[in-house]
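For reference, the structure discussed in these notes is given below.
In mature numbering (1 follows the signal peptide of the UniProt record, and there is no 0), the protein residues as written are -38 to -1, 1 to 1001.
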């Protein structure tokens, strides 16, 4: 317990006396031998951080070469005595001009930019501070993230270094959003703060705060425990609190040329007395020779309270007056009354304190601060042979400050988002461009121009280029976020195969210079989706997927697509963006179609959007997509479409895309499935009917992300509810309306090329650059006098498949002789191709097309009946719209040598044809070929020693033996071959060729006729290997 009988006695013995204890304070390093002998070897550490104290706000000369680097009016003798006993850094920097970001940086050694918290924690969307400084402006600054109290902090690294350390925070915390973020949660063992009593009794509670510090130190000393204390008074932050008699003292003194305010000067004195009380108590406890004390400020003072001259700027600015701060260090081994002109920063406190506490390990990941002991114990200069302080992410020890927020926003002025780098005497200041303008750069030589009055960038292009590159590299390394113009189109794609290095996030493939916009936060604990290996036929779709069990989810900041209010806050705000258009896309596979679920949502019951899955028509289970957009005006648009007409969402991944176009002249919702437009609903036109859906509630993936489900309000049908059950391989968001061509291109990008597996085309056999969204009759994309041929998919069959006709070597199909049916066993690897002859318009006469196509794998058979085609769309197809069943199918026309035919070559790789479409007829059939399986490097359908020979030849030199798709032949590919060795059936073997039954008299074939018991059956079994494809998800967590 305390050695003092009461707080009153403590106040009386310290604060009632004038500031005269300079002899004692000047002898800070002295202590009685009797008391010191009882101290532990580990030093005590005190970090004092004042609130809004400027560089020139003390009666202490901060730079011996700058006479006015101290106040000409304020009196701070106790801090002056501390400076006399230690080292002053003339170039001390706070990492920002805001309070809580600096305090977070001190505790973690990480810059506010890296912590994604460059503004006050209170500036959350919808708050007054947010509305005043984040809206109505040309740029939208990044919203500050809450402080993560579980990360490595000074108390924790000290405890790791020496479990005996106890840590206390006395005073201002200012990181308490949410309220669960407390000093205790950040590793402090002890925390005390005080209220604000009457300024006539105890301005800012400074006397009471010093007493709390005394209590903590005394308890620690009595328990023989080394301590770390962060002493954080709330002075000299406004409002001005001062005792009348102290204020009267300064009213009677001559005013300075720079500082003149008696009330502020009195508050500064009270702050100094509070610091002096702590220093005196260190002496009285006999621990001075084993105690380090570091004194600094969180940033500069507001200019309307205290001028920062000769520095330019003040609080809120990252010009020198806003971020250059007092920086004094005293303690064992630090020479008294010394100076250092090396630039240092608040983040250095972490590394320096850790070193004092005995930490000897490598710099922890993310810690940006340097250990200052090499300077502190070397007279303020770097050791011989060392040219800079080592700071993580700094190439040469540079100092960086990143402040992407607007500050001091007024009707005619504002501080524009900016960053700077300081290296040596030079400071490069970058002001970010507004309304599409380029960034502006200012170069200052602080040695000759401490007031940043002369921009010397034009005279020093080499220095500017060097510092610009370093600044850009640093900001990239710390993953800094930047202010953005909401009018700029963005495309965000999340791929489960590459979720990012942070396991708590799903990060987008695109870098839009804003971490929160790019990231889905994965729900914690039992609500976290599991990342699994994804089994899919889409060659370029993610090889991994997140599995949601109905209770899982992810969330992100609100989707921001427009200005929430008119840009009228300040001068030249730019053009308003009131277009709320957006697009959302999800690649998913559902566990079943029994229950409803949320795919993606943003907003709440007052406004928002949602893409959900459920039963809209009472038929077929939860096989309907519902897209709903609700505006703040209460108007809503809702669209339902089926998702399983041509695809099976329980077996294959499908792409669902929702588009909202908010143009005043063309407002609509659209839904696409697998690249094809399935439904559209039009909205009312005009500005009054714009749907302002993008509110501030957090968005959700697979579940509700914030306080409510987006668009779950207003009149009309509501979104489907419940957590999604199934897998998501990819998601996408755009702040603009995708066009049909955009959606189709996105869909096709996940599939193999349309000519995959085709060696050559000839004659009337042609293809397109990409798959069309529709192959329904009269679709403009495929209408042609030539036969269009598209690769649909390559996949392992889930179930046995009956072919309308097997196609053995040399077979010719003719009118009335369409071959024999055959069956492919479940597990067979196949590729499917759609052949389509759809003459332009309604041809007045028959159109005939002849051509030839050669595949890389042997031809197994075809599907030509309209019902067979429709039945196999979900098994072999990939095109979004196949049209009406009755329009499909193949009918060979004519007879004899002039009639239509389909002919297969002797090696079963080439198909030649002559096809005729009469009038408005469309001819369509599906060809099924073999597909090279894992480890089948020579493509003969079986994995054996011949493939090992290919692997050996290609090892390290080519991709011929590449089984895992990484572009090289290496040991990993051998493992795949080994796992699959002996599997498959050789497509070209005599066993296969002999199992073809001729059931039509006019079929020409050189194949042997099998025994009757084998009639009408072709068994091409391919055993599933240990690494074989399974149609459902694997219970194997990856990543």
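Every residue, glycine too, gets a C-beta built ideally from N, C-alpha and C.
Query: Extent of the continuous beta strand (DSSP E) run through residue 506; Result: 506 to 511
Query: The region 558 to 568 contacting the region 664 to 679, beta-carbon criterion three pairs below 8 Å; Result: yes
Query: Under 7 Å between C-beta atoms of residue 380 and residue 14; Result: no
Query: Segments assigned alpha helix (DSSP H), at least 4 residues, entirely inside the region 563 to 587; Result: none
Query: Strand pairing of residue 775, partner residues [DSSP]; Result: 864
Query: Under 7 Å between C-beta atoms of residue 59 and residue 259; Result: no
Query: Pick from 701, 624, 170 that is closest to residue 540, judged by C-alpha positions; Result: 624
Query: Cut-off 6 Å between Cβ atoms - residues of its own chain near residue 944, not counting five sequence neighbours on either side; Result: none
Query: Same chain, Cβ closer than 6 Å to residue 508, five either side skipped, listed in chain order; Result: 458, 491, 493, 690
Query: Inter-residue spacing [alpha-carbon to alpha-carbon] between residue 167 and residue 156; Result: 6 Å
Query: Coil, strand or helix - residue 768 by DSSP; Result: strand
Query: 7 Å Cβ cutoff met for residue 815 and residue 723; Result: yes
Query: C-beta atoms of residue 123 and residue 106 nearer than 7 Å; Result: no
Query: Stretch-stretch touch, CB-based, cutoff 8 Å, three pairs: the region 513 to 532 with the region 777 to 795; Result: no
Query: Where residue 690 falls: helix, strand or coil (DSSP); Result: strand
Query: Whole-angstrom distance between residue 477 and residue 103, CA atom to CA atom; Result: 12 Å
Query: Collapsed DSSP secondary structure at residue 463 in the structure displayed; Result: coil
Query: Nonlocal neighbours in the same chain, by C-beta distance under 7 Å from residue 453, ignoring five residues either side; Result: 472, 696
Query: Cβ contact check for the region 197 to 204 and the region 216 to 233: 3 or more pairs under 8 Å; Result: yes
Query: Distance, residue 576 Cα to residue 953 Cα; Result: For residue 953, the pLDDT reaches just 34, beneath the cut-off of 50, and the residue's location in the model is therefore unreliable, although a value from the coordinates is still provided. Roughly 48 Å between the two C-alpha positions.
Query: Completely contained beta strand (DSSP E) runs for the region 626 to 674, where each covers 3 or more residues; Result: 628 to 635, 638 to 644, 661 to 663
Query: Closest Cα partner of residue 896 within the set 937, 100, 164; Result: 937
Query: Boundaries (first-last residue) of the alpha helix (DSSP H) holding residue 179; Result: 168 to 184
Query: Residue closest to residue 307, alpha-carbon to alpha-carbon, out of 468, 64, 268, 374; Result: 64
Query: Integer Cβ distance of residue 824 from residue 890, believed to fall under 8 Å; Result: 7 Å
Query: Secondary structure of residue 336, DSSP reduced to three states; Result: helix
Query: Complete beta strand (DSSP E) runs within the region 262 to 327 (minimum length 3 residues, chain order); Result: 289 to 292, 300 to 302
Query: Nearest candidate by alpha-carbon position, reference residue 892, set 718, 519, 778, 882; Result: 718
Query: Integer-rounded CB distance, given that residue 708 should sit under 8 Å from residue 542; Result: About 21 Å; that fails the 8 Å criterion.
Query: Secondary structure, alpha helix (DSSP H): runs of 4+ residues fully inside the region 469 to 494; Result: 477 to 480
Query: Alpha carbon of residue 309 to alpha carbon of residue 287, nearest angstrom; Result: 13 Å
Query: Contiguous alpha helix (DSSP H) assignments of at least 4 residues, all confined to the region 810 to 840; Result: 828 to 838
Query: Distance between beta carbons of residue 748 and residue 728, contact taken as under 8 Å; Result: 4 Å
Query: Among 82, 42, 253, nearest to residue 7 - alpha-carbon criterion; Result: 253
Query: Coil, strand or helix - residue 52 by DSSP; Result: coil
Query: Heavy atom of the ligand GTP within 6 Å of residue 284 beta-carbon; Result: Of the ligands one can find in the structure shown there are none, so the ligand GTP has no counterpart to examine.
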